[in-house]
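Note sheet for the following structure.
Number of protein chains: 2
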Amino acid sequence: MSVRLFVDSPLKLKQEVILTENAHHYLVHVMRSVVGETVLLFNGKDGEWAGEIEKISKKEVQLRLVKNMRLQSEEKKSDVWLCFAPVKKDKMDFIIQKATELGVDVLQPVITRRTVVGHINANKMQLQAIEAAEQCERLSVPEIRQPVSLDLLLDKWEKGRTLYYLNERGEGKDFEKKKKVAYLVGPEGGFEPQEIEKIGLLKDACSVHLGRRILRAETACISVLAIHNHLCGWK
Amino acid sequence: MSVRLFVDSPLKLKQEVILTENAHHYLVHVMRSVVGETVLLFNGKDGEWAGEIEKISKKEVQLRLVKNMRLQSEEKKSDVWLCFAPVKKDKMDFIIQKATELGVDVLQPVITRRTVVGHINANKMQLQAIEAAEQCERLSVPEIRQPVSLDLLLDKWEKGRTLYYLNERGEGKDFEKKKKVAYLVGPEGGFEPQEIEKIGLLKDACSVHLGRRILRAETACISVLAIHNHLCGWK
Numbered sequence: 001m002s003v004r005l006f007v008d009s010p011l012k013l014k015q016e017v018i019l020t021e022n023a024h025h026y027l028v029h030v031m032r033s034v035v036g037e038t039v040l041l042f043n044g045k046d047g048e049w050a051g052e053i054e055k056i057s058k059k060e061v062q063l064r065l066v067k068n069m070r071l072q073s074e075e076k077k078s079d080v081w082l083c084f085a086p087v088k089k090d091k092m093d094f095i096i097q098k099a100t101e102l103g104v105d106v107l108q109p110v111i112t113r114r115t116v117v118g119h120i121n122a123n124k125m126q127l128q129a130i131e132a133a134e135q136c137e138r139l140s141v142p143e144i145r146q147p148v149s150l151d152l153l154l155d156k157w158e159k160g161r162t163l164y165y166l167n168e169r170g171e172g173k174d175f176e177k178k179k180k181v182a183y184l185v186g187p188e189g190g191f192e193p194q195e196i197e198k199i200g201l202l203k204d205a206c207s208v209h210l211g212r213r214i215l216r217a218e219t220a221c222i223s224v225l226a227i228h229n230h231l232c233g234w235k
Numbered sequence: 001m002s003v004r005l006f007v008d009s010p011l012k013l014k015q016e017v018i019l020t021e022n023a024h025h026y027l028v029h030v031m032r033s034v035v036g037e038t039v040l041l042f043n044g045k046d047g048e049w050a051g052e053i054e055k056i057s058k059k060e061v062q063l064r065l066v067k068n069m070r071l072q073s074e075e076k077k078s079d080v081w082l083c084f085a086p087v088k089k090d091k092m093d094f095i096i097q098k099a100t101e102l103g104v105d106v107l108q109p110v111i112t113r114r115t116v117v118g119h120i121n122a123n124k125m126q127l128q129a130i131e132a133a134e135q136c137e138r139l140s141v142p143e144i145r146q147p148v149s150l151d152l153l154l155d156k157w158e159k160g161r162t163l164y165y166l167n168e169r170g171e172g173k174d175f176e177k178k179k180k181v182a183y184l185v186g187p188e189g190g191f192e193p194q195e196i197e198k199i200g201l202l203k204d205a206c207s208v209h210l211g212r213r214i215l216r217a218e219t220a221c222i223s224v225l226a227i228h229n230h231l232c233g234w235k
């Protein structure tokens with residue numbers, strides 16, 4: 001299987017692409033790639049391309065795009081956000097990786113009252129999302145947003161985007177197929193009653209639940225995205 | 001929140017329960033429980049009971065059951081198996097934990113041709129399932145079966161149990177609500193064509209897929225179980 005990398009540059013036939021730094025290190029020192037080998041490239045806009053390695057130097061790998069493998073339009077653009085209260089490192093890594101595999105478009109960390117995790121490195125999360133996208137053969141990379149408070153999230157809510165929020169012990173409706181949707185998963189301790197009340201005031205909000213068992217935050221995140229794909233079509 | 005433990009003994013009102021070894025260690029040295037405290041107990045048959053600690057000695061914790069908290073019938077018995085090709089340790093731990101949270105009844109490791117993981121400790125997996133059941137407030141514990149080869153699994157297939165198998169690159173039907181169902185998730189490299197062929201010969205087998213992206217084995221396991229719950233009702 002070919003190496004598959006996300007790049008920033010435009011991709012079109014015969015285009016030259018220069019890879020440096022991490023990508024150079026990965027190709028040369030990890031994968032031990034050689035001149036003539038094929039690498040798959042995507043940038044989230046121009047589909048997937050096969051590039052042939054033309055030259056390897058100490059700091060650069062030079063490729064030439066030789067074939068369009070997939071069109072961007074193959075990956076029908078869904079519009080699904082995952083808004084989640086940050087959790088501990090390994091679980092966070094896990095949520096980013098799985099949400100990317102499951103096709104999420106936006107990952108939005110949300111600070112709630114019971115959120116216990118302090119510092120969030122959105123840039124590092126973005127790199128993890130890129131890596132996951134490379135491996136799961138996505139043509140796009142989810143956008144990692146800077147953390148916001150729950151209040152701010154609600155105050156600035158995009159009109160018309162359904163917000164399904166997981167209400168562990170409360171009543172819940174069934175998920176429905178929605179064009180523009182976000183799933184909000186609270187911290188391990190759940191939302192506080194005042195938070196649930198405030199979310200409920202949002203016109204686009206809809207309470208759902210995943211049964212009476214206590215699901216961990218990361219299980220809930222993956223579950224809602226799997227159900228979303230089941231309802232709205234896997235890509 | 002009370003400590004919640006799975007026990008082997010029968011549970012009924014006024015019953016005395018003696019906890020030793022791991023449970024003793026956990027209560028006394030980890031949770032620093034004292035006499036008079038309440039512990040929740042379940043055994044997979046008699047619902048959930050509150051027990052009061054009556055006596056703590058060097059090797060035993062003695063409890064008396066004082067109240068029935070939940071009836072076993074509250075947890076409607078589903079009948080869902082997860083048959084999966086074993087993966088590396090941390091991912092395996094993850095599958096056991098999440099599948100338990102998502103209500104699986106039987107976890108069946110299956111050795112396929114491309115399965116690369118050697119030794120499987122079903123007893124240790126059982127302990128992990130117990131721990132996950134304790135934490136997610138299940139009334140039952142999934143049964144961990146000894147690993148079998150794919151051939152043996154198919155040869156001895158229980159008539160009438162639908163086998164949904166994940167066929168990554170192949171055609172797939174939609175999941176349907178089924179009473180008795182098993183989900184079969186292959187190894188990272190997928191099934192071999194001959195394996196797919198053999199599975200397809202089984203009358204109860206039905207090919208499904210989760211889109212064209214490459215889902216990791218553990219993502220696929222959780223996804224099918226989340227969809228199962230969505231279709232058949234969360235408990």
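Line by line, the protein sequences give chains A and B.
Following my numbering, the numbering of the first sequence begins with 1 at its first residue and continues without gaps.
Following my numbering, the numbering of the second sequence begins with 1 at its first residue and continues without gaps.
Ideal Cβ positions, reconstructed from N, Cα and C, are used throughout, including at glycine.
In terms of CA proximity to Ala-205/B, Ala-182/B leads the group Glu-218/B, Arg-213/B, Val-28/B, Ala-182/B. Going by beta carbons, Ser-140/B and Ala-132/B fall outside the 8 Å limit.
For Cys-83/A, DSSP records a beta bridge to Gln-108/A, Leu-184/A. In this structure Lys-179/B is exposed. Its beta-carbon is surrounded by fewer than 16 other beta-carbon atoms within 10 angstroms. Using a Cβ-Cβ cut-off of 8 Å, Gln-194/B does not count as an interface residue toward chain A, since no Cβ of chain A sits closer than that to its own. Judged by beta-carbon spacing, Glu-171/A lies within the 8 Å limit of Ser-207/A, meaning their Cβ atoms are closer than that value. At least one beta carbon of chain A lies nearer than 8 Å to the beta carbon of Cys-136/B.
For Asn-22/B, the enclosing alpha helix (DSSP H) has its first and last residue at 21-25. Within chain B, not a single residue places a beta-carbon under 9 Å from that of Asn-22/A; the smallest gap is close to 22 Å. Leu-13/A sits in coil when the DSSP states are folded into three classes, being neither helix nor strand.
Burial is judged here by how many other beta carbons sit within 10 angstroms of a residue's own beta carbon; Thr-115/B has at least 16 and is buried.
None of the residues of the stretch 109-127 of chain A has a beta carbon lying less than 9 Å from any beta carbon of chain B.
If you keep only unbroken beta strand (DSSP E) runs of at least 3 residues inside the stretch 97-179 of chain B, you get 106-111, 162-166. Between the C-alpha atoms of Thr-20/B and Ile-111/B there is a straight-line separation of about 36 Å.
DSSP places Leu-225/B within a helical segment (H, G or I) once states are collapsed to three.
Just so you know, the alpha carbons of Leu-41/B and Trp-49/B end up roughly 5 Å apart.
Bounds of the beta strand (DSSP E) holding Gly-51/A are 48-56. Shortest Cα-Cα distance from Val-39/B to any of Lys-177/B, Val-66/B, Arg-213/B, Val-3/B involves Val-3/B. Your pair Arg-70/B and Gly-47/B checks out as a contact, with CB atoms roughly 5 Å apart and the cut at 8 Å.
A Cβ-Cβ separation of about 7 Å places Glu-101/B in contact with Arg-216/A under the 8 Å criterion. Separation of Ile-95/B and Asn-167/B (C-alpha to C-alpha, rounded to the nearest whole angstrom) is 19 Å. Residue contact with chain A for Lys-98/B: present (Cβ-Cβ distance below 8 Å to some residue of chain A).
Counting along the chain, the unbroken alpha helix (DSSP H) around Gln-194/A starts and ends at 193-201.
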